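Asks:
Residue numbers (the UniProt record's numbering), protein chains in the order written: chain A, 1 to 86; chain B, 1 to 592.
1) With 8 Å set as the bound, which would you pick, yes or no: does the beta-carbon of residue 260 of chain B sit closer than that to a beta-carbon of chain A?
2) Identify the contact partners of residue 573 of chain B in chain A, using a Cβ-Cβ distance below 8 Å as the criterion.
3) Straight-line CA distance for residue 277 of chain B to residue 103 of chain B?
4) Using 8 Å as the limit for Cβ to Cβ distance, is residue 278 of chain B near chain A?
5) Once you ignore the five residues that flank residue 562 of chain B on each side, which residues in its own chain have a CB closer than 6 Å to its CB?
6) Taking beta-carbon pairs under 7 Å, can you tell me which members of the stretch 67-82 of chain B lie near chain A?
7) On the three-pair Cβ rule with 8 Å, is the stretch 174-187 of chain B touching the stretch 394-411 of chain B?
8) Given this structure, state the Cα-to-Cα distance separating residue 27 of chain B from residue 429 of chain B, to the nearest angstrom.
9) Taking only beta carbons into account, state which residues of the stretch 51-71 of chain A come closer than 7 Å to chain B, listed in chain order.
10) Who are residue 212 of chain B's beta bridge partners in DSSP?
11) Identify whether residue 362 of chain B lies in helix, strand or coil by the three-state DSSP scheme.
12) Is residue 96 of chain B close to chain A, meaning its C-beta is less than 8 Å from at least one C-beta of that chain?
13) Taking a contact to mean a Cβ-Cβ separation below 8 Å, would you say residue 401 of chain B touches residue 187 of chain B in this structure?
14) For the alpha helix (DSSP H) that contains residue 576 of chain B, what are its first and last residues?
15) For residue 518 of chain B, tell me which candidate among B/543, B/507, B/508 and B/497 has the shortest Cα-Cα distance.
16) Can you give me the Cβ contacts of residue 528 of chain B inside the same chain, cut-off strictly under 7 Å, excluding the 5 residues immediately before and after it?
17) State buried or exposed for residue 218 of chain B, treating a residue as buried only when at least 16 other CB atoms are found within 10 Å of its CB.
18) Among B/571, B/472 and B/510, which has the Cα closest to the Cα of residue 495 of chain B?
19) Would you mind stating whether residue 210 of chain B and residue 225 of chain B have Cβ atoms separated by less than 8 Å?
20) Where residue 14 of chain B and residue 346 of chain B are concerned, what is the direct C-alpha to C-alpha distance, given to the nearest angstrom?
21) Mind checking residue 13 of chain A: buried by the 16 CB within 10 Å criterion, or exposed?
22) Counting along the chain, where does the beta strand (DSSP E) carrying residue 341 of chain B start and finish?
23) Judging by CA-CA distance, which residue of B/131, B/229 and B/176 is the nearest neighbour of residue 469 of chain B?
24) DSSP three-state call for residue 605 of chain B: helix, strand or coil?
25) Could you work out which residue in B/311, B/453, B/150 and B/365 is closest to residue 387 of chain B when comparing CA atoms only?
26) Answer yes or no: do residue 205 of chain B and residue 192 of chain B have a C-beta to C-beta separation smaller than 8 Å?
27) Look up residue 384 of chain B in the DSSP assignment and say whether it is helix, strand or coil.
28) Got a sec: is the Cβ-Cβ distance from residue 36 of chain B to anything in chain A below 8 Å?
29) Pop quiz: residue 603 of chain B and residue 174 of chain B are said to be a contact at Cβ under 8 Å. What is the actual Cβ separation, rounded to whole angstroms?
30) CB residue 446 of chain B to CB residue 165 of chain B, shorter than 8 Å?
31) When you compare the CB positions of residue 83 of chain B and residue 302 of chain B, do they come within less than 8 Å of one another, or not?
32) Within 8 Å (strictly less), CB to CB, does residue 254 of chain B reach chain A?
33) At a Cβ cut of 7 Å, what residues of the stretch 230-251 of chain B count as close to chain A, listed as they run along the chain?
34) Smallest Cα separation from residue 246 of chain B: which of A/35, A/45 and A/63?
35) Could you please give the first and the last residue of the uninterrupted beta strand (DSSP E) stretch that includes residue 378 of chain B?
36) Strictly by DSSP, which residues pair up with residue 46 of chain A?
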């Protein structure tokens, strides 16, 4: 039981690490680029449109999709590594 | 054929499709794929989740609010970013827990009837607020397409929702939801494709919006957003792409929408229908793709409709004479009949002026032009529905958008009413008050609670506390302040106990409701607010729509303090928490 517990604990630790990594990107894409630093980014003209505004209305959503899918693949790999997949 | 007849055909045909699928799927339910542990494929579940999720607020109302400019980007980031939270922080674990409702999880994890009761109350308050928004939105759709007043539209919507939700089975069948998603997304994107092509030559609205405006000829091409900034500035409005003054409020508002997304019961429930924990993750991934199709199109709809509307009122440019009232297009006349567009000729020149008359810096310019106040008042909630008419698209497109708007309102309203009625009949009456209730009694209780919820929501929907999407945003704040923290702590902390969770939920809900009711009236009853709902009165400029995030922080803080001051949860509860953290050994799927 104790061996299993040890592996369960490290599975959970790795799970938390994955979530934290993706949450940092999640925060940077929406709150960072879309709200807090929008003025600075708007100075950058990208094909004639302000980049900060683009992040708030489009870019953040693309990044969210990427994040959820990256999370799906990371977790599937983790489940296999610890043999907890079904 | 009249527009009225075309609308009826489209709405009628879409209803026939839903009923047809309901009957087909029910007939097929004896077949093997529905037998024990059946469950639903993640792609189908993703579409069904998207239909559940995208309501009248997203479909009818959101683009209208987005057309104010950058300031309302929160709706876009909040309602998609919340999915990331849901996928990573809640869905897989709640699927592993494998119970039926959100109060089930909270009641079991915090081993107390009190926690379950508080969860039921939070769920009901959030869901009813949500339904008010649906009623307001559906009312606008029915008013326009049946050519009746807005009030009559809302009562018709109430009748249809009642019939639809009580008919029951409809909602339970995932494939009906899939069909609703298809109707909804086709209806939303087709007009947008047409308009984007008209204005920019690019048929993909999400790229057209950031492309060049070519409707004045290729020689005069300018970036669409630049053109838009220019014309709104010339009417005294804020630049479309301009930054906001109060970043704190915008951050909190976005956060409220995100945690609300992850805390709303009718969406969470969908993740119980998949066979495995891994599938719960896949479903969230697919759902976000299907949702993003609408959310990436919405800002394009908003910007292009705003431009088209200004062009309609100022056909020769904002510097020139505006449109004569007598020559107004027929869509303005039909919307006037619903009371959602109003015109008052303040300077008696027989022409329509629309500009920002609250901008003091612009008053001199306006007076010089002989303007005496903005004369055209356009309700935000009509923008998406009026969009094809403003752009002079063929009448079948208008019929299509009617069907789409009604599908969006109905699928979500039905889902919410089911969540409310199951909370009352299953979680409240059966589990807590009278465990011996007969199945028939339980069903009656479910129907009565549904009827009461519809009546309350309809009555409040006649004078909603905001536009449909804003009312829905309040519901998200309430769910985010009460349910989301309890679910999070239930999964990620073994230390939070029953007393902490209950105290946290009560504090979060009470603080949020108090703040909202102070500005929007007690229980949203008009005229009972204690302070005017203006930014000057808001604490630190935090709007009632944004307060959910503060409520959630209060919830977390109170729960941790109370839990640490009282005893640890029993060993079996700590083991329950351990077990939801690992995917292996999830029970059979629940077929919703």
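We put the CB at the ideal spot given by N, CA and C, even for glycine. Every value quoted in this text rests on a predicted model; they were computed, and no experiment measured them.
Replies: In short, the structure shows the following:
1) no
2) In chain order: nothing, as chain A lies at least about 17 Å away.
3) 20 Å
4) Cβ-Cβ to chain A under 8 Å: yes for residue 278 of chain B.
5) Excluding sequence neighbours, residue 562 of chain B sits near 499, 500 and 503.
6) 70, 73, 76, 77, 80 and 81
7) Proximity of the stretch 174-187 of chain B to the stretch 394-411 of chain B meets the contact definition, three or more beta-carbon pairs being nearer than 8 Å.
8) Caution applies to residue 27 of chain B, whose pLDDT of 47 falls short of 50 and renders its modelled position unreliable; the value that the coordinates give is listed next. For residue 27 of chain B and residue 429 of chain B, the distance between alpha carbons rounds to 32 Å.
9) 53, 54, 56, 57, 58, 60, 61, 64, 65, 67, 68, 69 and 71
10) B/223
11) The answer is helix: DSSP assigns residue 362 of chain B an H, G or I state.
12) Interface criterion not met: the Cβ of residue 96 of chain B is under 8 Å from no Cβ in chain A.
13) yes
14) 571-580
15) The shortest C-alpha separation from residue 518 of chain B is found at B/543.
16) 521 and 522
17) exposed
18) Of all alpha-carbon atoms in B/571, B/472 and B/510, the one lying nearest the alpha-carbon of residue 495 of chain B is that of B/571.
19) yes
20) Residue 14 of chain B and residue 346 of chain B have their C-alpha atoms spaced approximately 43 Å apart.
21) Exposed, because fewer than 16 other Cβ atoms sit within 10 Å of the Cβ of residue 13 of chain A.
22) 341-343
23) It is B/131.
24) In the structure as shown, chain B starts at 1 and stops at 592, and residue 605 of chain B therefore has no counterpart that could be examined.
25) B/311
26) yes
27) DSSP places residue 384 of chain B in helix when its eight states are reduced to three.
28) Here residue 36 of chain B scores only 28 on pLDDT, less than 50, and its place in the model should not be relied on; the value that follows carries that caveat. Judged by the 8 Å Cβ criterion, residue 36 of chain B is not in contact with chain A.
29) Since the displayed chain B opens at 1 and closes at 592, residue 603 of chain B lies outside it and no answer follows.
30) no
31) no
32) yes
33) Going along the stretch 230-251 of chain B in chain order, one finds 241, 243, 247, 250 and 251 with a Cβ nearer than 7 Å to chain A.
34) A/35
35) Taken as a continuous stretch (DSSP letters only), the beta strand (DSSP E) holding residue 378 of chain B covers 376-378.
36) According to DSSP, residue 46 of chain A bridges with A/49.
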